[in-house]
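Accompanying notes for the structure given below.
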Amino acid sequence: MMQRGRHRRQKRGRAARAFLAGTALALTAAATMISASQATVADDPGALKPLATSAETDVLRLREHLEPQRSLDRLSSAMGTPAGVSAVLDSADHTLRTAADCAPTEREALPVEPAATRAYCWDAADTRSWRAGAVTTSGDADDDGLWGQNRVILSAWSQGAHDLARVAFIDANDLERPTYSWVLLTVPVDGGRDYRALDSRVSGMVWYQDKLLVTAAEGLYVYDMDRVQRTTVDSPAVGRVDGGWAAHGSRWVLPAVGTYSLAGGKAAAQPGYLSLDRSTSPDSLVASEWVSRDDDRDVRLWRYDFSAASDRAGLLTTDPAGYTRVDEAYETKAAGVGAVLSYGSNWYLGRAADADGGHGTLWRQSATGARATRCGTDETRQCWSTESESLSYWEATGEVWSQSGRVLFAMPLASVDRALG
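Residue numbering for the sequence shown follows this note's numbering, starting at 64 and increasing by one per position.
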């Protein structure tokens, strides 16, 4: 059942936006300033370099492949009527800890400057052996920040040992006590008669309208948020089992409805990180690639337009041949950057810490130059979180959401810009 709908922008949650500001999170700066001040100053990457020739951008084109409708219908018929996001939120059986209940070692993963104004910690037992990945929210899904009547945050996690990827559907209606339930990401096989686990790390993820786009080894996978399915067997297996359907212990499973593969192949490029940019017209999907900081190759940043066609909700714009072309592309000399966010004329790029226990760097780059957040009045730029791989801007609230290890956090974009001077 469709839940999206369009809503008028409303001034919601103004008081909640100040939650935690100046209280428990003040401990973050004190706990981490020493390690950050010992870091060296990174080189200035300078201005972004535009990529304008077809030779430079054609390899970044995507080819769309949608799952046949008969395969999706066959799976739904076998598993039962698909559920929606609300049903998953109603089943939430886990609770995130607020900043006051986070351990000092957990808070060390938070940025030094700017300080987070919201922070939550995951249960170690619930996430043990899983690696945190990308974050997206209902602020990406719809421009008023709601999905139906709900505020929702999605947090991706991957487990290499079993080649699994899952997403926590977080009920963010009460930000003093957010609860969540797990949904396993899968891929239909055998014409929709079964499904397999998405055996890929999810470093990038964007929820736009009723679709969820995630990074995978093949390019991007597409999920329909109105096709969440209930499992019937609690088993470590994934797919059809004796007695029904299993998803490695999860009560919910989300089968893919399509993919986007790179025209130039994985050797030419690979979207490693994603975010949504609502400042463009039409709204656009922003991507960056992972390049090791030891590599002498510049990092590419680019964007694709989302389709405005009524029958292609949440999908990218394609030409008659089924290709999605790059709308804009750049190179940056900020080696080792991961998380990417674009808004207005600025690109925000997160770089993980150089060593365990250290802090990363957050750059803001444009066609005219680059600046990095600084730790107070000194020249140290290693002020960002330790291993953040995602930046998601919730335009309706003005907040940027991210995740570092077992800590989920947010801060106003305005405070990021202030920290950049």
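Virtual Cβ for every residue (Gly too), placed ideally from N, Cα, C.
Only a predicted model underlies this, so the values are computations on that prediction, with no experimental measurement involved.
So Ile216 and Trp410 are supposed to be a Cβ contact under 8 Å. How far apart are they, rounded?
Ile216 to Trp410, Cβ: 23 Å. No contact.
What does DSSP give as the partner residues of Pro251 in its beta bridges?
Tyr258
Specify the secondary structure class of Pro177 as computed by DSSP and reduced to three states.
Correct three-state label for Pro177: coil.
Nearest-angstrom Cα separation, counted from Glu127 out to Pro383
11 Å
Can you tell me which of Ser201, Asp273 and Ala260 puts its alpha carbon nearest to the alpha carbon of Asn236?
Ser201
Can you give me the Cβ contacts of Val269 inside the same chain, cut-off strictly under 7 Å, excluding the 5 residues immediately before and after it?
Thr199, Asp203, Leu276, Leu337, Ser338, Leu339 and Leu348
Between Tyr323 and Leu379, which are expected to be in contact by the criterion C-beta below 8 Å, what is the C-beta distance as a whole number of angstroms?
7 Å
Go ahead and label Thr116 buried or exposed: buried means 16 or more other beta carbons lie within 10 angstroms of its beta carbon, across all protein chains shown.
exposed
Limits of the unbroken beta strand (DSSP E) element including Gly196:
Arg194 to Thr200
Between which two residues does the alpha helix (DSSP H) carrying Asp153 extend?
Val148 to Asp153
Backbone secondary structure at Gly401 - three-state DSSP:
strand
Check the C-beta distance from Asp186 over to His157 and give it rounded, since I have them as a contact under 8 Å.
7 Å
Residue closest to Arg360, alpha-carbon to alpha-carbon, out of Gly211, Val389, Phe369 and Glu394
Glu394
Between which two residues does the beta strand (DSSP E) harbouring Asp368 extend?
Val362 to Asp368
Less than 8 Å between the CB atoms is what I'm expecting for Val485 and Ala146, so what's the real figure, rounded?
What is shown of the chain runs 64 to 484, which leaves residue 485 out entirely.
Helix, strand or coil for Ser478? Go by DSSP, reduced to three states.
helix
Determine the extent of the alpha helix (DSSP H) in which Lys329 is found, giving its start and end residues.
Gly328 to Ala331
Could you give the residue range of the alpha helix (DSSP H) that holds Glu169?
Per DSSP, Glu169 is one residue of the alpha helix (DSSP H) stretching across Pro167 to Arg170.
Does the stretch 149–169 come into contact with the stretch 422–439, if we say contact requires no fewer than three beta-carbon pairs (one atom in each stretch) closer than 8 Å?
The stretch 149–169 makes no contact with the stretch 422–439: fewer than 3 CB pairs, one atom from each, lie closer than 8 Å.
Starting from Asp234, follow its DSSP beta bridges and name the residues at the other end.
Val215 and Thr242
Going by DSSP, which residues form a beta bridge with Pro318?
Thr249
Which of helix, strand or coil DSSP assigns to Thr120:
helix
Among Val250, Thr381 and Ser405, whose alpha-carbon lies nearest the alpha-carbon of Arg124?
Thr381
Straight-line CA distance for Gly527 to Ala141?
One cannot answer for residue 527 here, as it falls past the ends of the chain, which runs 64 to 484.
Relative to the C-alpha of Thr168, which residue among Ala179, Leu159, Cys184 and Ser154 is closest?
Cys184
Of all the options Gly468, Thr460 and Pro475, which has the alpha carbon lying nearest to the alpha carbon of Arg214?
Thr460
Measuring CB to CB, does Trp426 end up less than 7 Å from Ala392?
no
Buried versus exposed, by CB contacts within 10 Å (16 or more), Pro334
buried
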